[in-house]
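K.L.:
Okay, handing you the structure first.
Number of protein chains: 2
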Amino acid sequence: MPAINPNISVDCVIFGYDFKDLNVLLVERTLLSEKGDLIFTDHTLLGNHIYEEEDIDEAAMRILKELTGFENIFLEQFHTFAHPKRLENEKDRQWLRSIGFDPDNRVITVGYYSLLNCKEVTLHAGNRRVCWVPVNIVGDLAFDHNLILAKAYEDLKLKVMLGPIAYQFLPRKFTLSQLQKLYEVIFNIRFDKRNFRKKVARMKYLVPLNEKQKGVAHKPAQLYMFSREVFEMTKKGVFEFTI
Amino acid sequence: MPAINPNISVDCVIFGYDFKDLNVLLVERTLLSEKGDLIFTDHTLLGNHIYEEEDIDEAAMRILKELTGFENIFLEQFHTFAHPKRLENEKDRQWLRSIGFDPDNRVITVGYYSLLNCKEVTLHAGNRRVCWVPVNIVGDLAFDHNLILAKAYEDLKLKVMLGPIAYQFLPRKFTLSQLQKLYEVIFNIRFDKRNFRKKVARMKYLVPLNEKQKGVAHKPAQLYMFSREVFEMTKKGVFEFTI
DNA sequence: CCAAAAGTGTTGACGCTACACCCATGG
DNA sequence: CCATGGGTGTAGCGTCAACACTTTTGG
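If you read the protein sequences in the order shown, they are chains A and B. The working numbering numbers the first residue of the first sequence as 16 and each following residue consecutively. The working numbering numbers the first residue of the second sequence as 16 and each following residue consecutively.
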């Protein structure tokens, strides 16, 4: 049993897209009194302390693998949070004591985010209760997790503009309408359909497949996939990108 | 005397522009034998452990203030480095022992970078020897500092593209040729003078002053300043920017 | 045949690239 | 008067935003 490092944790902001909203995975936190009465319940991000011989990237990967079963999930470190009073809230202190942590022990946390499609993953949460919540209706979270989430979302928007990572939110085969909707949801703006499709047509790494949607009650859409190979071959610079 | 946290440090990648090169500030590290013979000498970034009651942003600010005397230097956290073997190199272990640190103690470091004009700052290095070295001729640094520097430089280029931070490298009043040269040095590319100036003309927050260069042996150049106020009033979105 | 989403072109404004010469000053 | 950098305009091309109708399918 490897030793855990009591001063460093990793928090994973797990973004999930369900073709409708951009969600974040939250873990329910409940504090019960000795008699078993509910004292409070709220939510946290998915996080954990790291092991002593473990890199933080590995720790974040491990947490994600435990949750999803997948090894190769997109993962990005975005910021480190170390305010000395980030655990000062009385609810947080109570809760830390209840699980055997010293609330006066300073913990700094490294924030990661990852992207996945809600429909394509089955969550193995163990005995924790987890849920997907649309990012724009998330309420008050534990600790400084609202701050962490906000910063993650900012960085996500930036990185989605700068490189082809949004495909992590979609299944391998997707329609242009799904792609457009995804960008609209992430950035909370609307695109013109014709202009969007003209732009896609210029991106040679978005390749149309010999396959159409099936079983939909309207004209079936062309399916596309993202080719990382073509992307790597044809990319010029950072500013080549942007949807 | 506040207690230091032995597990967390801050490394500052201090970029300095001297109107010619983009430099990074390095600190000389020398290890002497008991007899006083030189065992080795090389360079590190400027870094330090944090205090127990101190935020990491504050710690980085403090280090910078000690060095420059200024309070309000541009400072950006860019990445955290926590590989368990980042201090495994034998030279680094020797050196840590020589200054009374346990090389087996795990230290994670949070990377910051800051931007300043070499000519406008006087360095208070204490008993350390520091020097400006052009980023593209930096040799082998101590610890994982080459990695930290590379990552800082990447992030710098990104953030310079995304917002008006390059002005931190220049004095308050500067010429367009100085600005152009700065961008050319940072990105290692060349711009066309006329096109560059047309672009600047569209940026209303680059304001021409009623003042020209003096004492130069050629046609004196118009001086400009960057107006943060105008920038804030007129900015649209992230993609509004880019030189 | 109806509902629902897929798919498609043109125009005007603007930003981008490429390119060469005269100007003002100090020495 | 010369060396040095400062300063300027145009043309062609590509990308951008704005805008409305027809097509294909399942029910």
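Just so it is clear, CB atoms sit at the ideal spot from N, CA and C, and this is done for glycine as well.
Would you please verify whether the beta carbon of ILE71 of chain A is less than 9 angstroms from any beta carbon of chain B?
P.N.:
Judged by the 9 angstroms Cβ criterion, ILE71 of chain A is in contact with chain B.
K.L.:
Is any heavy atom of the ligand NAD found at a distance shorter than 8 angstroms from the C-beta of ASN161 of chain B?
P.N.:
Of the ligands one can find in the structure shown there are none, so the ligand NAD has no counterpart to examine.
K.L.:
GLU69 of chain A: buried (16+ other C-beta within 10 angstroms of its C-beta) or exposed?
P.N.:
When all chains shown are included, GLU69 of chain A counts as buried.
K.L.:
According to the Cβ coordinates, are LEU60 of chain A and LEU131 of chain A closer than 9 angstroms?
P.N.:
Taking 9 angstroms as the Cβ cut-off, LEU60 of chain A and LEU131 of chain A do not qualify as a contacting pair.
K.L.:
Is it right to say ARG263 of chain B is buried, meaning 16 or more other beta carbons lie within 10 angstroms of its own, or is it exposed?
P.N.:
It is not possible to answer for residue 263 of chain B, since the shown part of chain B is limited to 16 through 258.
K.L.:
For the segment 136–169 of chain B, list every residue whose C-beta sits within 8 angstroms of some C-beta in chain A, in sequence order.
P.N.:
So nothing in the stretch comes that close.
K.L.:
Counting only Cβ-Cβ distances shorter than 7 angstroms, please list the residues of the segment 74–107 of chain B near chain A, keeping chain order.
P.N.:
Under the 7 angstroms Cβ criterion, the segment 74–107 of chain B contributes GLN92, HIS94, THR95, ALA97, HIS98 and PRO99.
K.L.:
Shorter than 9 angstroms from the beta carbon of ARG212 of chain B to some beta carbon of chain A?
P.N.:
Not one chain A Cβ lies under 9 angstroms of ARG212 of chain B.
K.L.:
With distances taken between CB atoms, is the gap from SER129 of chain B to ILE201 of chain B smaller than 9 angstroms?
P.N.:
Their beta carbons are not under 9 angstroms apart, which means SER129 of chain B does not touch ILE201 of chain B by this criterion.
K.L.:
For a minimum of 3 consecutive residues, which ranges assigned as the beta strand (DSSP E) are wholly contained in the segment 120–153 of chain A?
P.N.:
Counting whole runs of 3 or more residues, the segment 120–153 of chain A contains the beta strand (DSSP E) stretches 123–132 and 145–149.
K.L.:
How big is the Cα-Cα spacing for ASP26 of chain B and GLY62 of chain B?
P.N.:
Approximately 4 angstroms, taken between the alpha carbons.
K.L.:
What are the start and end residues of the alpha helix (DSSP H) that includes ASN210 of chain A?
P.N.:
Unbroken alpha helix (DSSP H) run through ASN210 of chain A: 208–217.
K.L.:
My output table needs one value for LYS50 of chain A: the three-state DSSP class, helix, strand or coil.
P.N.:
In the structure shown, LYS50 of chain A sits in coil (DSSP, three-state: anything other than H, G, I, E or B).
K.L.:
Distance cutoff 9 angstroms, beta carbons only. Does GLU199 of chain B sit that close to anything in chain A?
P.N.:
Chain A, which has no Cβ nearer than 9 angstroms to the Cβ of GLU199 of chain B, makes this no.
K.L.:
May I have the straight-line CA-CA distance separating LYS214 of chain A from ILE180 of chain A, to the nearest angstrom?
P.N.:
Rounded to the nearest angstrom, the two C-alpha atoms are 17 angstroms apart.
K.L.:
Output needed in chain order: residues of the segment 115–138 of chain B with a Cβ under 7 angstroms from some Cβ in chain A.
P.N.:
Residues passing the 7 angstroms Cβ filter: ARG121, ILE123 and VAL125.
K.L.:
Can you list, in chain order, the residues of its chain with a C-beta nearer than 7 angstroms to that of TYR182 of chain A? Leave out the 5 residues immediately preceding and following it.
P.N.:
So the qualifying residues of the chain are PHE241.
K.L.:
According to DSSP, which residues form a beta bridge with PRO223 of chain A?
P.N.:
DSSP output for PRO223 of chain A lists A:TYR239 as bridge partner(s).
K.L.:
For THR45 of chain B, which residues from the same chain have a beta carbon less than 6 angstroms from its beta carbon, with the 5 sequence-adjacent residues on both sides left out?
P.N.:
Cβ within range, chain order: THR56.
K.L.:
Quick one: grab the DSSP three-state call for ARG44 of chain B.
P.N.:
Strand at ARG44 of chain B.
K.L.:
Taking the alpha-carbon positions, what's the VAL153 of chain A to ASN38 of chain A distance?
P.N.:
So the alpha carbons of these two residues sit roughly 9 angstroms apart.
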